[in-house]
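Engineer: Going by the working numbering, the first residue of the sequence shown is number 113, and it counts up by one from there.
Glycine included, each C-beta is placed from N, C-alpha and C at the ideal position.
The structure follows.
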Amino acid sequence: MGARPIHCALALASTLLAAPLARAAATPDSIPKGCGSRAAFDAELRARLGDDAPLAQVFVAIAPHREVFHLRVTVGEERRELEDASCDELFRAAIVIAVSMLLEESKSAPAAAPAPAASPAPPSRRTFPELNTALGAGLGLGTLPKPVLALELEAQARWRFFGVGANVRYLLPTERLDATQRGADLSALGAGVTGIFRPSPSWEARLGFAAQQLYGTGVGISRGYSAVAWAAGPTLGLGWAPLRQGRFWAGVGAEGQLNLARGRFEIRNYSGELNAQSYVVYRVPWLAAGGFLRFGLLW
């Protein structure tokens, strides 16, 4: 074979191998100095995508191929290629392609599963029995001859719907005088126990038993006297406590009492005559009642 055919074969082989060699030379981040730099490329991506742009995922290469330049942009497993006679144009195109590929990847990436919502804390369970103390002030009717100021101290143990309670009450003194201004000063101290039904946290009905000791001293009598009498019987009441702030509460209540025991106060020898009948100064009536404003504390 002559020398001329051999030279033609070598030229053809070098032409066929030029493209693969040029592409192989386009390794990641190979940018000719006249086109730009990796630092400038990264700065453009940050300007468009923000400082948290995933620059490490982007590889760019520009290499000469024949009479043009060949661009290769790789993001993850995706790759884009482009050829142009201007290296500067390819550099600007590489920026646009890289931004587009990163945006597509962020849209196609599966959204992170939201963190499970924290389960709400279980409501605190109320412990029973619920202990309660209260102070009350109000009006007492029927136990003494006139309506008087009544003071109350009460303690309760309450469950969900039922409870028990005990109280002590003091009725301030008043007097009972006849036309001659003779009679007695009377006061009372009482105690009671009660069963409680609570249809709701604010309302309660009461059924119980109470007794009062009445203490009297004579008025307008020369020799004077003092005596004690009793009143006692079943009670029926109703309470309402609409105001509650933490452990403190406020409410009102009313109670009636049927006096089965009805003590009385007498003045003996009222007329001064021997064997004269006693004069009844006061006898406890059949019915008594009271109304109270209460302030309490839950323990």
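(1) Can you give the Cα-Cα distance for Y391 and Y327, rounded to whole angstroms?
(2) Does the Cβ of Q369 have 16 or more other Cβ atoms within 10 Å, making it buried, or fewer, making it exposed?
(3) Apart from the five residues just before and just after T127, which ones in its own chain have a Cβ nearer than 6 Å to its Cβ?
(4) Alpha carbon to alpha carbon, how far is F240 from Y282?
(5) Determine the direct distance from the alpha carbon of V172 to that of K145, and round the result to whole angstroms.
(6) Taking the CB atoms as reference points, tell me whether I308 and R294 lie closer together than 8 Å.
(7) Does the separation of the CB atoms of A366 and G345 fall below 8 Å?
(8) Cα-Cα, which of A165, S198, G252 is closest to V214?
(9) Would DSSP call S142 helix, strand or coil?
(10) Looking at the unbroken alpha helix (DSSP H) that takes in D200, where does it start and where does it end?
(11) I need the boundaries of the beta strand (DSSP E) containing E242, first residue and last residue.
(12) On the criterion of 16 or more Cβ atoms from any shown chain inside 10 Å, does A168 qualify as buried, or is it exposed?
(13) Can you say whether P257 is buried or exposed, counting buried as having 16 or more other CB atoms within 10 angstroms of its CB?
(14) Can you give the beta carbon distance from S314 to W352, rounded, assuming they're within the 8 Å contact cut?
(15) Taking L157 as part of the alpha helix (DSSP H), name the residues at either end of that continuous run.
(16) Indicate the three-state DSSP secondary structure (helix, strand or coil) for Q357 in the structure shown.
(17) If you follow the beta strand (DSSP E) that R281 is part of, which residue opens it and which one closes it?
(18) Do you know how far the Cα of L161 is from the Cα of I174?
(19) Output the distance between the C-alpha atoms of I276 and A267, rounded to the nearest integer angstrom.
(20) What did DSSP end up calling A165 once you bin it into helix, strand or coil?
Structural biologist: Well, looking at it:
(1) Here the question's residue 391 lines up with position 279 in the sequence shown. Here the question's residue 327 lines up with position 215 in the sequence shown. Roughly 17 Å between the two C-alpha positions.
(2) Start at 1 with the first residue of the sequence shown, and residue 369 comes out as number 257. Buried: at least 16 other Cβ atoms inside 10 Å.
(3) Residue 127 sits at position 15 when you count from the first residue of the sequence shown. Residue placement at T127 is poorly supported in this model, since its pLDDT is 43, which falls under 50; the coordinates are not used for a value here.
(4) If you number the sequence shown from 1, residue 240 lands on position 128. If you number the sequence shown from 1, residue 282 lands on position 170. Cα to Cα, the separation comes out at about 30 Å.
(5) The count along the sequence shown starts at 1 and reaches residue 145 at position 33. The count along the sequence shown starts at 1 and reaches residue 172 at position 60. Whole-angstrom Cα-Cα distance: 14 Å.
(6) The residue you call residue 308 lines up with position 196 of the sequence shown. The residue you call residue 294 lines up with position 182 of the sequence shown. No, these two residues do not count as a Cβ contact at 8 Å.
(7) Counting from one through the sequence shown, the residue named residue 366 turns up at place 254. Counting from one through the sequence shown, the residue named residue 345 turns up at place 233. Cβ distance not < 8 Å, so A366 and G345 don't count as in contact.
(8) As a working mapping, residue 214 is identified with position 102 in the sequence shown. The question names Val, but residue 214 is Leu in the sequence shown. Answer by Cα proximity: A165.
(9) Locating residue 142 in the sequence shown gives position 30, where the first residue counts as 1. Collapsing the DSSP output to three states places S142 in a strand.
(10) In the sequence shown, counting from the first residue as 1, residue 200 sits at position 88. DSSP places D200 in the uninterrupted alpha helix (DSSP H) bounded by 199 to 220.
(11) Position 130 of the sequence shown holds residue 242. Residues 242 to 253.
(12) One-based indexing of the sequence shown puts residue 168 at position 56. When all chains shown are included, A168 counts as exposed.
(13) In the sequence shown, counting from the first residue as 1, residue 257 sits at position 145. The residue is buried, with at least 16 neighbouring Cβ atoms inside 10 Å.
(14) As a first step, residue 314 must be located in the sequence shown, where it is residue number 202. As a first step, residue 352 must be located in the sequence shown, where it is residue number 240. Contact holds; Cβ gap of about 6 Å.
(15) Along the sequence shown, read from residue 1 onward, the residue named residue 157 stands at position 45. Here the alpha helix (DSSP H) through L157 covers 150 to 161.
(16) For the purposes of this step, residue 357 is identified with residue 245 of the sequence shown, where counting begins at 1. Strand at Q357.
(17) Counting from one through the sequence shown, the residue named residue 281 turns up at place 169. Counting along the chain, the beta strand (DSSP E) containing R281 begins and ends at 274 to 289.
(18) Position 62 of the sequence shown, counting from 1, holds the residue named residue 174. Position 49 of the sequence shown, counting from 1, holds the residue named residue 161. Those two C-alpha atoms are separated by around 22 Å.
(19) For the purposes of this step, residue 276 is identified with residue 164 of the sequence shown, where counting begins at 1. For the purposes of this step, residue 267 is identified with residue 155 of the sequence shown, where counting begins at 1. Ile is not the amino acid found at residue 276; the sequence shown has Val there. The alpha-carbon atoms of V276 and A267 are separated by roughly 9 Å.
(20) Sequence index remark: in the sequence shown, residue 165 carries index 53 (1-based). Three-state DSSP puts A165 in coil, outside helix and strand.
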